[in-house]
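Below: one structure, written as structure tokens.
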Amino acid sequence: MSYPETSSYLTLALGVVGTLTIGYLLTLWVRFQQAHKDIETLEKLNHD
Amino acid sequence: MTTISPVSPAPRAGLQVMSATTLIAVAVGLYLALIFAGTDIDQGNIQRIFYIHMPAFFGAFTAFSATVLGGILYLITRNPRWDRMAVAGVEVGLMLSLVNLLTGSIWARPIWNTWWTWDPRLTSTAVMVLTYAAYLMLRAGIEQPEQRRRFAAVYGILAIVTVVITLVIIRVRDDTIHPVVVGTGSTAAEGTFDVQATRGVTTALLFNLPVWGLLIPITLMMFRMRLEQLTEHVDRLKAELMER
Numbered sequence: 147m148s149y150p151e152t153s154s155y156l157t158l159a160l161g162v163v164g165t166l167t168i169g170y171l172l173t174l175w176v177r178f179q180q181a182h183k184d185i186e187t188l189e190k191l192n193h194d
Numbered sequence: 268m269t270t271i272s273p274v275s276p277a278p279r280a281g282l283q284v285m286s287a288t289t290l291i292a293v294a295v296g297l298y299l300a301l302i303f304a305g306t307d308i309d310q311g312n313i314q315r316i317f318y319i320h321m322p323a324f325f326g327a328f329t330a331f332s333a334t335v336l337g338g339i340l341y342l343i344t345r346n347p348r349w350d351r352m353a354v355a356g357v358e359v360g361l362m363l364s365l366v367n368l369l370t371g372s373i374w375a376r377p378i379w380n381t382w383w384t385w386d387p388r389l390t391s392t393a394v395m396v397l398t399y400a401a402y403l404m405l406r407a408g409i410e411q412p413e414q415r416r417r418f419a420a421v422y423g424i425l426a427i428v429t430v431v432i433t434l435v436i437i438r439v440r441d442d443t444i445h446p447v448v449v450g451t452g453s454t455a456a457e458g459t460f461d462v463q464a465t466r467g468v469t470t471a472l473l474f475n476l477p478v479w480g481l482l483i484p485i486t487l488m489m490f491r492m493r494l495e496q497l498t499e500h501v502d503r504l505k506a507e508l509m510e511r
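Protein chains in written order, with our numbering: chain A, 147 to 194; chain B, 268 to 511.
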């Protein structure tokens with residue numbers, strides 16, 4: 147039994163899924179880090 | 268000086284449990300989709316993307332439904348926590364819609380011999396994606412928090428119309444070539460979905476549906492809601508500093 151050769155399209159599709167999901171997670175992580183940094187700085191300024 | 272409730276930097280235990288569960292479930296789901304399920308006789312390996320493509324749409328539906336719920340509850344209670352849920356739903360739903368749209372396009376290239384066609388389902392999905400992208404852009408353009416939340420709540424409730432149209436369009440339009448997988452479409456429709464895999468199709472699909480349809484959107488929304496809470500905290504600290 148032979149199957150049509152469509153593996154390269156599956157690889158491309160999985161790459162897109164990975165890029166979107168991991169990319170979104172990374173964006174969230176960067177925004178978390180920035181928010182924590184901002185809070186730390188602002189709380190320090192508020193105390194001074 | 269006004270006392271501001273501290274926001275703990277560490278993720279809550281519930282979020283940690285959800286994250287671990289989701290990661291394990293995604294790994295098992297990928298195993299079932301890429302290794303366990305048999306290869307489709309007609310489509311070859313590209314058919315396996317169907318185990319992510321369709322569940323991702325249901326994930327987007329879950330997230331956009333949360334936006335509607337959040338919008339309604341915000342308009343009733345004016346509690347910002349519901350606005351956080353609404354914006355989290357849009358962001359996560361948009362990401363999952365893009366997963367759905369792009370994987371569909373890649374699948375279409377070898378199967379339909381084109382990356383894109385103005386089929387009713389594809390067009391309605393594109394309109395849905397653009398509608399929610401516009402939500403984020405318009406929301407970011409409103410400075411006053413109360414006005415922003417009220418606008419976003421109404422927009423988020425109305426935007427669900429594009430999701431409902433996308434869901435039902437393949438069942439009412441005869442000129443679609445998009446397959447109807449769940450239920451039956453129009454008898455005159457051109458698209459079919461006759462998966463001829465040797466084994467594991469149902470198992471892989473039934474496992475991945477709740478993973479991409481519930482676990483992933485809910486976990487990501489929990490993270491996004493927490494981020495929104497931190498952002499609000501930053502805004503409060505800034506306002507306090509300006510008052511001094």
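Cβ atoms here follow ideal geometry from the backbone N, Cα and C, with glycine treated the same way.
Within chain A, the residues that residue i reaches when beta carbons sit closer than 8 angstroms
i, result
"residue 374 (chain B)", "155 and 159"
"residue 352 (chain B)", "Simply none; closest approach about 16 angstroms."
"residue 377 (chain B)", "150, 152 and 155"
"residue 289 (chain B)", "By Cβ distance, chain A contributes nothing, its closest Cβ being about 11 angstroms from residue 289 (chain B), past 8 angstroms."
"residue 501 (chain B)", "181, 184, 185 and 188"
"residue 389 (chain B)", "Those within 8 angstroms of residue 389 (chain B) in chain A number zero; the least Cβ separation is about 16 angstroms."
"residue 226 (chain B)", "Outside the shown range of chain B (268 to 511) lies residue 226 (chain B), about which nothing can therefore be said."
Distance between beta carbons of residue j and residue i, contact taken as under 8 angstroms
i, j, result
"residue 488 (chain B)", "residue 330 (chain B)", "6 angstroms"
"residue 351 (chain B)", "residue 495 (chain B)", "4 angstroms"
"residue 341 (chain B)", "residue 420 (chain B)", "5 angstroms"
"residue 319 (chain B)", "residue 294 (chain B)", "About 13 angstroms; that fails the 8 angstroms criterion."
"residue 347 (chain B)", "residue 499 (chain B)", "7 angstroms"
"residue 335 (chain B)", "residue 424 (chain B)", "5 angstroms"
"residue 305 (chain B)", "residue 467 (chain B)", "6 angstroms"
"residue 308 (chain B)", "residue 149 (chain A)", "7 angstroms"
"residue 184 (chain A)", "residue 501 (chain B)", "5 angstroms"
"residue 166 (chain A)", "residue 362 (chain B)", "6 angstroms"
Proximal residues to residue i (C-beta, below 7 angstroms), its chain only, five neighbours per side dropped
i, result
"residue 481 (chain B)", "329"
"residue 473 (chain B)", "none"
"residue 442 (chain B)", "387"
"residue 492 (chain B)", "351, 352 and 355"
"residue 409 (chain B)", "415 and 418"
"residue 359 (chain B)", "330, 484, 487, 488 and 491"
"residue 310 (chain B)", "378"
"residue 272 (chain B)", "Residue confidence for residue 272 (chain B) is low, a pLDDT of 49 falling below 50, so the modelled location carries little weight; the figure read from the coordinates is stated next. Correct list: empty, nothing qualifies."
"residue 432 (chain B)", "391"
"residue 349 (chain B)", "337, 340 and 341"
"residue 292 (chain B)", "478 and 482"
Listed by chain order, chain A residues near residue i by CB distance under 9 angstroms
i, result
"residue 492 (chain B)", "The premise fails here: residue 492 (chain B) is roughly 11 angstroms from chain A at the closest Cβ pair, so nothing lies under 9 angstroms."
"residue 370 (chain B)", "159, 160, 162 and 163"
Cβ-based neighbour list, residue i, same chain, cut-off 8 angstroms, excluding 5 preceding and 5 following
i, result
"residue 270 (chain B)", "Low per-residue confidence applies at residue 270 (chain B): pLDDT is 43, beneath 50, and the placement is therefore not dependable enough to give any value."
"residue 289 (chain B)", "478, 482, 483 and 486"
6 angstroms CB neighbourhood of residue i in its chain, flanking five on each side removed
i, result
"residue 366 (chain B)", "323"
"residue 516 (chain B)", "Outside the modelled stretch of chain B, which goes from 268 to 511, sits residue 516 (chain B), for which no answer is possible."
"residue 382 (chain B)", "372 and 376"
"residue 429 (chain B)", "394, 395 and 398"
"residue 163 (chain A)", "none"
"residue 440 (chain B)", "387"
"residue 313 (chain B)", "374 and 377"
"residue 316 (chain B)", "370 and 374"
"residue 268 (chain B)", "Because the pLDDT at residue 268 (chain B) is just 41, under 50, the model does not fix this residue reliably, and the value given afterwards should be weighed accordingly. Excluding positions up to five away in sequence, the list is empty."
"residue 296 (chain B)", "474, 475 and 478"
Proximal chain A residues relative to residue i, where beta-carbon distance stays under 7 angstroms
i, result
"residue 507 (chain B)", "192"
"residue 498 (chain B)", "181"
"residue 362 (chain B)", "166 and 170"
"residue 504 (chain B)", "185, 188, 189 and 192"
Distance cut-off 7 angstroms: residue i Cβ against heavy atoms of the ligand NAP
i, result
"residue 489 (chain B)", "The ligand content of the structure shown is nil, which means the ligand NAP is not present either."
- Listed in chain order, which residues of the stretch 309-326 of chain B have Cβ atoms closer than 9 angstroms to some Cβ of chain A? 309, 310, 311, 312, 313, 314, 315, 316, 319, 320 and 323
- Message: To be precise: take each residue of the stretch 160-171 of chain A, compare its Cβ to all Cβ atoms of chain B, and keep it if any distance is under 9 angstroms. Which residues remain?
- Response: 160, 162, 163, 166, 167, 169, 170 and 171: these are the residues of the stretch 160-171 of chain A whose beta carbon lies less than 9 angstroms from some beta carbon of chain B, given in chain order.
- Listed from N- to C-terminal order along the chain, which residues in the stretch 173-192 of chain A have their beta-carbon within a distance smaller than 7 angstroms of any beta-carbon of chain B? 174, 177, 178, 181, 182, 184, 185, 188, 189, 191 and 192
- Message: Taking beta-carbon pairs under 9 angstroms, can you tell me which members of the stretch 295-309 of chain B lie near chain A?
- Response: 297, 301, 306, 307, 308 and 309
- Item | Positions along the stretch 398-420 of chain B whose CB lies within less than 8 angstroms of some CB in chain A | none
- Counting only runs of 4+ residues fully inside the stretch 360-427 of chain B, write out the alpha helix (DSSP H) ranges in chain order. 387-407
- Whole alpha helix (DSSP H) elements within the stretch 310-369 of chain B, 4-residue minimum: The qualifying runs are 317-344.
- Message: Could you tell me which whole beta strand (DSSP E) segments of length 3 or greater appear in the stretch 165-190 of chain A?
- Response: none
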